[in-house]
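Trainee:
There are 2 protein chains.
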Amino acid sequence: MDHKDNAVIFKALGDPTRLRIFEFLRSCCCPVAVGEVGEVRPVIGPTVGDICCTVTGSEKITSSLSFHLKELRNAELITMERRGKNMICAINRETLARLTDYFKDGDSCC
Amino acid sequence: MDHKDNAVIFKALGDPTRLRIFEFLRSCCCPVAVGEVGEVRPVIGPTVGDICCTVTGSEKITSSLSFHLKELRNAELITMERRGKNMICAINRETLARLTDYFKDGDSCC
DNA sequence: AATTCATTTCTATATTTCTAGAAATGTATG
DNA sequence: CATACATTTCTAGAAATATAGAAATGAATT
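Protein sequences appear in the order of chains A and B. For any residue, its number in the numbering used here is found by taking its place in the first sequence, counting from 1, and adding 42. For any residue, its number in the numbering used here is found by taking its place in the second sequence, counting from 1, and adding 42.
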């Protein structure tokens, strides 16, 4: 993971809408922990429509929201999986852990 | 500090050049810790020229570099202080601490 | 006070990112 | 299989950001 990769992650978080999505998913990632051991993908979690309601307040999913989700996925900050007609979203815990590590106190003497 | 503020910080880090500047300053912020108790500003540290050499490899400071430094300052990620002909740069430890906190394990149940 | 040095500001241009609407995709249901 | 539903992709335009060069600023030196 070099500067460019990290920059992609921060850039993804550097938009108010995307940051709200990220924080919403982060706040509701607990109920997801029911998969098999070692399983990375979510089995339950909010759909794109749920995120839309929570984050933009509107019922109607826009292409703009879809674009932001793609950015977050591209940065590997979230994962998405189809479940029937819906897409289910979740935080990517690996990336989150890496960010935690990146800023951890004393990582670079500060 | 709301989403917008945090987004400004992440956006500032979301550019490879700025991220390199940030990491360079983070890596050399130790020698600075010689000021008075409670003092926030740096008393020693790399100049803009130093950053230029390290980060872009060139001797010549560009307006582009200056622009990136302004973005980092605006996000309160770094501080700058004049010392004679030079500007001396340093990490803003408060903001860094806030970021550490933001990602700290278990902050939001993840 | 004129000159030099380090850096910033200004202005224009190139590039990227965001938003919106329409059409397309994949899945479920009648 | 036709239709509805949830979501994405495509395309174009608007807005924001990055880069470059020239001129301006502030501090030190002659």
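Think of the CB as a built atom: it goes at the ideal place given N, C-alpha and C, for glycine as much as any other residue. These numbers come from a predicted model, not from an experiment.
Taking the alpha helix (DSSP H) that B:A139 falls in, what are its first and last residues?
Mentor: Start and end: 135-145.
Trainee: Compare the C-alpha of B:R68 against each of B:N134, B:D147, B:D47 and name the closest.
Mentor: B:N134
Trainee: Could you tell me if A:A139 is buried or exposed, where buried requires 16 or more neighbouring beta carbons within 10 angstroms of its beta carbon?
Mentor: The residue is exposed, with fewer than 16 neighbouring Cβ atoms inside 10 Å.
Trainee: Does DSSP put B:I93 in a helix, a strand or coil?
Mentor: In the three-state DSSP reduction, B:I93 falls in the helix class (H, G or I).
Trainee: Could you check the C-alpha separation between A:V82 and A:N116 for me, to the nearest Å?
Mentor: Note that A:V82 scores a pLDDT of 49, beneath 50, so its modelled location is shaky; the value from the coordinates is reported in the next line. Using only the alpha carbons, I get a separation of about 16 Å.
Trainee: At a CB-CB cut-off below 8 Å, which residues of chain A make contact with B:T142?
Mentor: F145, K146, D147
Trainee: So which residues on chain B does A:N48 lean against when the C-beta distance must stay under 7 Å?
Mentor: L61
Trainee: Hey, how far is the Cα of A:T104 from the Cα of A:G56?
Mentor: Spanning the two alpha carbons is a distance of roughly 20 Å.
Trainee: Flag A:G87 as yes if its beta-carbon sits less than 8 Å from any beta-carbon of chain B, otherwise no.
Mentor: no
Trainee: Going by DSSP, name the residue or residues bridged to B:C131.
Mentor: B:M122
Trainee: Closer than 8 Å is the cut-off here; do at least three beta carbon pairs connect the segment 50-64 of chain B with the segment 96-103 of chain B?
Mentor: The segment 50-64 of chain B and the segment 96-103 of chain B touch, with no fewer than 3 CB-CB distances between them shorter than 8 Å.
Trainee: Does chain B have any CB closer than 8 Å to the CB of A:V82?
Mentor: In this predicted model, A:V82 has a pLDDT of only 49, less than 50, meaning its place in the structure is not dependable enough to derive any value.
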